[in-house]
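Per UniProt numbering: the sequence shown = residues 1 to 513.
Glycine is no exception: its CB is placed at the ideal position from the N, C-alpha and C atoms.
Keep in mind the model is a prediction, meaning the values are calculated, not measured.
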Amino acid sequence: MPSATRFFDFSQKVNYRTEILAGITVAMTMMPESLSFAILAGFPPLVGLYAAFIMGLVTSIFGGRPGLISGGAGATVIVLIALMKSNGIEYVFAAVALAGIIQILVGLFKLGKFVRLVPQSVMYGFVNGLAVVIFMAQLGQFKTIVDGKISWLTGEPLLIMVGLVALTIAIVILFPKITKAVPPSLVAIIVVFLIVLGFDIHTKTVSDIASVSGGFPPFHIPNIPLNLDTLQIIFPYALIMAGVGLTEGLLTLNLVDEMTGTRGNGNKECIAQGSANILNGFFFGMGGCPMIAQTLVNLSAGARARLSGIIASLTILLIILFGAPIIGQVPMAALTGVMIMVAIGTFEWISFKIFNKMPKQDVFVGILVAVITVWLHNLALAVLIGVIISALVFAWESAKRVRARKYIDENGVKHYEMYGPLFFGSVATFNEKFDVLNDPEEVVVDFKDSKVADMSAIEALNKLTERYKKAGKKLHLKHLSDDCRLLLKNADEVIDVNIYEDPSYPVASNMIR
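Below, the structure is given as structure tokens:
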């Protein structure tokens, strides 16, 4: 079967009980989060649940890897709050659909591979910051509204909430020591639910957040003017939403790859995300992306196939259609306890062990990314800043490694054997290596262990040529790889050098696909 249509790997051994139970657990943890973010953004509550259903189902079937869970994620929804307040929900639906188109284009042009540029230090910061964000979000369940103001729970309600959360955490920790046949998170939710129901304990439940009862997602064309002004309004939001969704999604995909020892398809995941968001825009959903917390719940429950994500999505739909009265009675304390354990499991505790072994710049980048993630809740910005700083540090370190071995052969020709890449960061050091006034009439610059990388390097060679030309001397370039020669040929209007005809020396980057 062609890879383009191979949605399922039928050779994979699937534990159906594990997949089904994991899917139900994921659905139970996804619903409150989707509802909370929908309400926070000012959307109707069902818009969040529809997004969880549509995103989860489409990406589970067509996505880039099994085990990855998508839903109505807060990281992308936060982007749309300003648009909702200024223009209304119809413009939100249009922006979500446009974001989906952008994501599909990223996948089709195979741009998802650029997530490989994210360094490990940024990954540590991203994951640790996200763990703190997940944990901090659960503290909101310990608050209530009194006289129109938000305040912390006190007295008996606080003791009940703390006790139920502690019981949930205890079950999640201890139950795997008894058996691993059933996900401990699901057991914890059921046990706490039965205790609250059996002893008639008064505590916050899912129904206190919002009603989860409704019908099948209705088809809905966004009611907006189809003109350039509308595009100018929604495009910036769509672009940012697409970027945030892809960044969080591809980083989550990489994290799952590391945890499972397998490799997903980033470009395929981009296309699946985009398709799901287009459907969201036309079926009353607020859009979304892969959800790292629910993905970790899924993996910790033992799921490794696509079935768990499909079950989670269908469970949410069934709850919307039929199960709202029951699910509405699930205590928020149980879900809070599960998510706290997810936060603890998400945190890369090993980063503390290797803290003193990492380069100082990597430690700084990791901490900075974590702080930005926690402070601004903007995962895309945190990762972007981390990548930029890491790239600048790398450029600086690479620039310092440019060296030249100099000697004069038996014919009186002076040779400069260059080591290290010639690019914008190393140009100044490169120029310092040459003694134009005291060099002989013929000079050879050997790039066997170096490479001309960018326009700054070309301009440096051009200026070096002019310096030797004014001194009445001749400059040769030797051992240039094919791509370096092509770069110089494309810039032949601004550079005039005598290039020795050498054998082809392929560079490593051309051999990596």
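Taking the CB atoms as reference points, tell me whether residue i and residue j lie closer together than 8 Å.
i           : j      : result
Lys204      : Met332 : yes
Val338      : Thr168 : yes
Gln273      : Leu246 : yes
Val443      : Lys473 : yes
Tyr419      : Asp449 : yes
Phe385      : Ile372 : In the sequence on display, residue 385 carries Ile and not Phe. Yes.
Ala95       : Ile234 : yes
Ala343      : Ala131 : yes
Asn298      : Gly67  : yes
Gly48       : Leu57  : no
Leu253      : Gly243 : no
Ser398      : Phe424 : no
Ala460      : Ala22  : no
Val122      : Val436 : no
Ala276      : Leu98  : no
Leu251      : Phe126 : yes
Phe142      : Met161 : yes
Phe193      : Ala382 : no
Gly72       : Val206 : no
Gly287      : Glu269 : no
residue 521 : Gly266 : In the structure displayed, the chain extends from 1 to 513; residue 521 sits before or after that span and is not available.
Val146      : Ile319 : no
Phe283      : Pro359 : no
residue 516 : Lys478 : Residue 516 lies beyond the stretch modelled for the chain, which goes from 1 to 513, so this question has no answer here.
Lys451      : Ala404 : no
Val374      : Gly129 : yes
Can you tell me the Cα-Cα spacing of residue i and residue j, whole angstroms?
i      : j      : result
Lys400 : Gly107 : 37 Å
Val14  : Lys149 : 50 Å
Ile39  : Ala137 : 14 Å
Ala170 : Gly42  : 35 Å
Leu422 : Trp396 : 12 Å
Lys85  : Ile134 : 25 Å
Gln232 : Ile102 : 15 Å
Ala51  : Pro325 : 21 Å
Val191 : Phe62  : 35 Å
Thr144 : Leu158 : 10 Å
Asp454 : Leu480 : 14 Å
Val92  : Leu80  : 7 Å
Val393 : Gly100 : 34 Å
Leu376 : Lys470 : 56 Å
Pro183 : Pro45  : 28 Å
Thr346 : Met241 : 24 Å
Val330 : Lys110 : 43 Å
Pro236 : Ile54  : 24 Å
Leu83  : Thr230 : 12 Å
His476 : Ser426 : 20 Å
Cys289 : Ile271 : 12 Å
Would you say the beta carbon of residue i is closer than 7 Å to some non-hydrogen atom of the ligand HEM?
i      : result
Val383 : Ligands in the displayed structure: none, and consequently the ligand HEM is not present.
In the DSSP assignment, the alpha helix (DSSP H) including residue i goes from what residue to what residue?
i      : result
Val445 : Careful: Val445 lies outside any alpha helix (DSSP H), inside the beta strand (DSSP E) at 442–452.
Val127 : 120–138
Met358 : No alpha helix (DSSP H) contains Met358, which DSSP labels as neither H nor E.
Leu422 : Leu422 -> not in any alpha helix (DSSP H); beta strand (DSSP E) instead, spanning 414–422.
Lys469 : 455–470
Val96  : 89–108
Val47  : 45–62
Ile320 : Ile320 -> no alpha helix (DSSP H), and no H or E assigned at all.
Ile350 : 350–353
Just curious, the beta strand (DSSP E) that residue i is in, first and last residue?
i      : result
Gly404 : The displayed chain sequence assigns Ala, not Gly, to residue 404. Residues 403–408.
Val342 : Not the beta strand (DSSP E): Val342 falls in the alpha helix (DSSP H), residues 332–346.
Val436 : No beta strand (DSSP E) contains Val436, which DSSP labels as neither H nor E.
Given that a residue counts as buried once 16 or more other Cβ atoms are within 10 Å of its Cβ, and exposed if not, what is residue i?
i      : result
Arg306 : buried
Glu33  : buried
Asn431 : exposed
Arg17  : exposed
Met259 : exposed
Asp208 : exposed
Ser351 : buried
Asp482 : exposed
Asn356 : exposed
Glu19  : buried
Leu117 : exposed
Gly366 : buried
Leu164 : buried
Ala210 : buried
Glu441 : exposed
Under a CB-based cut-off of 8 Å, is residue i close to chain C?
i      : result
Lys433 : Chain labels in this structure do not include chain C; a single protein chain is all it has.
Complete beta strand (DSSP E) runs within the segment 149–234 (minimum length 3 residues, chain order):
Listed in chain order, the beta strand (DSSP E) runs fully inside the segment 149–234 are 149–152, counting runs of at least 3 residues.
Suppose only complete runs of 4+ residues qualify. What are the alpha helix (DSSP H) ranges in the segment 8–42, listed by chain order?
If we require 4 residues or more, the alpha helix (DSSP H) runs fully inside the segment 8–42 come out as 16–41.
Counting only runs of 4+ residues fully inside the segment 262–315, write out the alpha helix (DSSP H) ranges in chain order.
Taking only runs of at least 4 residues, the alpha helix (DSSP H) segments lying wholly in the segment 262–315 are 266–282, 292–300.
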